[in-house]
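In case it helps, my numbering puts the sequence shown at residues 181 to 531. Yeah, the Cβ is synthetic: ideal placement off N, Cα and C, and Gly gets one too. Treat the numbers as computed from the prediction; the structure is a model and nothing was measured. Before any comments, here is the structure.
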Amino acid sequence: MKRSVIALAMVLLMVFGAVQVFGQAFKPKAEYTMQVNVGPLYDWGVGAQRWADLVKEKTGGKVVVKPYFGSSLLAGKQTNWYQAVSDGSIDFVVESTINASSVIKCLNLFNLPFLMPSYESVDKIEQGKAGQMVIKEIEKGGVKFLAWGENGFRQVTNSKHEIKAPADMVGLKFRVVGSPIFIDMFKALGADAVSMSWADAVTAFQQGVVDGQENPKSVLTVVKIWEYHKYLTNWYYVLDPLVFGVNANVWKSFPADIQKAIQDAALEAGEYEKTLARTFVDGTKSVEKLKTKYGETAVDAYAAARAKGMVITDLTPAQIQVFKDKLAPIYDKWVPQIGKAIYDAAVEDMK
Ligand code: X2X
């Protein structure tokens with residue numbers, strides 16, 4: 181009798197203790213914020229929303245993440261995302277490496293002109309040694325990295341004339357992102373460049389404050405770039421990956437099963453978003469994948485632009501080489517800032 185009372189008391193204590201531990205370990209916020217520079221219709225925005233939806237689904241509704249599109253939590257200041265996620269004023273993030281590249285210098289690896297000649301080379305860097313080194317730098321400042329996504333290969337548009345050579349860019353003024361390497365590149369090509377947040381860029385196109393800009397196809401379609409710019413040149417000079425991440429302390433506050441759900445959701449959403457971003461750029465590959473794996477039909481951004489009267493120029497390898505030669509000094513200035521070891525690892529990864 182006495183023994184069974186003691187046993188019962190011990191069981192009760194254990195159950196009570198377990199409830200205490202788990203109860204204390206995980207008290208989710210009612211809502212977690214997520215920073216996204218663009219709006220919900222961009223491939224990037226669709227991918228961010230997909231991550232939020234998958235997190236809710238996979239955590240059984242315990243973790244609710246709300247995307248704040250258009251950098252609304254940062255008053256449009258897209259280059260401040262890393263600081264905000266780092267200090268915990270924002271919890272989650274789906275952001276371009278460009279928008280953190282003035283803070284985390286090694287992210288300029290992806291901004292080196294013509295470094296990555298194909299999607300295959302992009303994937304090799306992300307999954308390779310250079311990718312690991314970059315992730316380590318991102319995590320140093322208190323942002324847990326969970327997956328890669330992709331804004332895309334950035335193509336150049338303008339309102340004046342066709343661009344086939346650097347000489348065609350002389351005298352044109354371009355809006356570029358707020359990262360110094362972009363100013364350096366456009367100056368090296370003989371153009372004029374002004375950095376501006378995306379929130380202000382579309383007004384600048386409307387008002388003709390600038391003659392041109394550079395962005396991937398999904399961005400161009402959403403803002404209907406053909407309403408301002410008649411000429412698009414596919415030069416594939418850089419590609420900006422997206423970082424799916426979360427504030428490190430927020431990450432640590434999640435128990436293991438919740439962490440796994442969020443991690444899985446990020447990888448799934450990242451893969452889906454990359455598929456969207458690559459449609460009609462990698463031939464039929466991603467269009468097919470989108471159909472078979474996700475049951476969705478892709479929108480052909482290039483066909484849409486052409487139908488609106490845009491002149492789309494594809495460059496020959498010889499024409500690309502002229503741009504490369506002009507941009508060679510960028511490597512001399514920027515590889516030391518990125519870190520020679522990361523650059524060398526990237527070159528090795530791409531082999
Ligand atoms: O500002 C841009 O050009 C954009 C939307 O591509 C980024 O956020 C890097």
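Shortest alpha-carbon distance to K410 belongs to which of D505, V218 and K488? For the purposes of this step, residue 410 is identified with residue 230 of the sequence shown, where counting begins at 1. Scanning D505, V218 and K488 for the CA closest to the CA of K410 turns up K488.
Range of the contiguous alpha helix (DSSP H) that encloses E306: Within the sequence shown, the letter at position 126 stands for residue 306. Per DSSP, E306 belongs to the alpha helix (DSSP H) from Y299 to Q307.
Give the straight-line distance between the Cα atoms of I363 and Y511, rounded to the nearest whole angstrom. Translated into the one-based positions of the sequence shown, residue 363 becomes position 183. Translated into the one-based positions of the sequence shown, residue 511 becomes position 331. Distance between the alpha carbons of I363 and Y511 is about 14 Å.
What's the call for S266, buried or exposed, on a 16-neighbour Cβ count within 10 Å? For the purposes of this step, residue 266 is taken as residue 86 along the sequence shown, with counting starting at 1. By the C-beta density criterion, S266 is buried, having at least 16 other C-beta atoms within 10 angstroms.
Distance cut-off 7 Å: N414 Cβ against heavy atoms of the ligand X2X: As a working mapping, residue 414 is identified with position 234 in the sequence shown. N414: no, Cβ never under 7 Å from the ligand X2X.
One or two residues paired with I442 in a DSSP bridge: Here residue 442 refers to the residue found at position 262 when the sequence shown is read from its first residue. For I442, DSSP records no beta bridge to any residue.
Tell me whether P421 is buried or exposed, calling it buried when 16 or more other Cβ atoms sit within 10 Å of its Cβ. Taking the sequence shown and counting its residues from 1, the one referred to as residue 421 is at position 241. With 16 or more Cβ atoms within 10 Å of its Cβ, P421 is classed as buried.
Helix, strand or coil for E394, going by three-state DSSP, please let me know. For the purposes of this step, residue 394 is identified with residue 214 of the sequence shown, where counting begins at 1. Of the three classes helix, strand and coil, the one that applies to E394 here is strand, per DSSP.
Local conformation of W136 per DSSP, three classes: This structure cannot speak to residue 136, because the chain is shown only from 181 to 531.
Closest to T496 by C-alpha separation, out of A508, P208, K304 and T413, would be which residue? As a position in the sequence shown, residue 496 is number 316, starting the count at 1. Nearest to T496 by C-alpha distance, out of A508, P208, K304 and T413, is T413.
Here's the rule: buried if 16 or more other CB atoms are within 10 angstroms of the residue's CB, otherwise exposed. What is V201? The residue labelled residue 201 in the question sits at position 21 within the sequence shown. For V201, the pLDDT reaches just 44, beneath the cut-off of 50, and the residue's location in the model is therefore unreliable, although a value from the coordinates is still provided. With fewer than 16 other beta carbons inside 10 angstroms of its own, V201 counts as exposed.
What are the residues that DSSP puts in a beta bridge with M214? Within the sequence shown, numbered from 1, the residue matching residue 214 stands at position 34. Looking at the DSSP output, M214 bridges to P247 and F272.
Can you give me the C-alpha to C-alpha distance between G519 and G332, rounded to a whole angstrom? By one-based count along the sequence shown, residue 519 stands at place 339. By one-based count along the sequence shown, residue 332 stands at place 152. Looking at the two C-alpha atoms, the distance is approximately 23 Å.
Among P360, E330, A368 and W328, which residue has its Cα nearest to the Cα of A347? Position 167 of the sequence shown holds residue 347. The shortest Cα separation from A347 among P360, E330, A368 and W328 belongs to A368.
Hey, would you say N291 sits closer than 8 Å to T259, going by beta carbons? Residue numbering aside, residue 291 sits at position 111 when the sequence shown is read from its first letter. Residue numbering aside, residue 259 sits at position 79 when the sequence shown is read from its first letter. Not in contact: N291 and T259 (Cβ atoms no closer than 8 Å).
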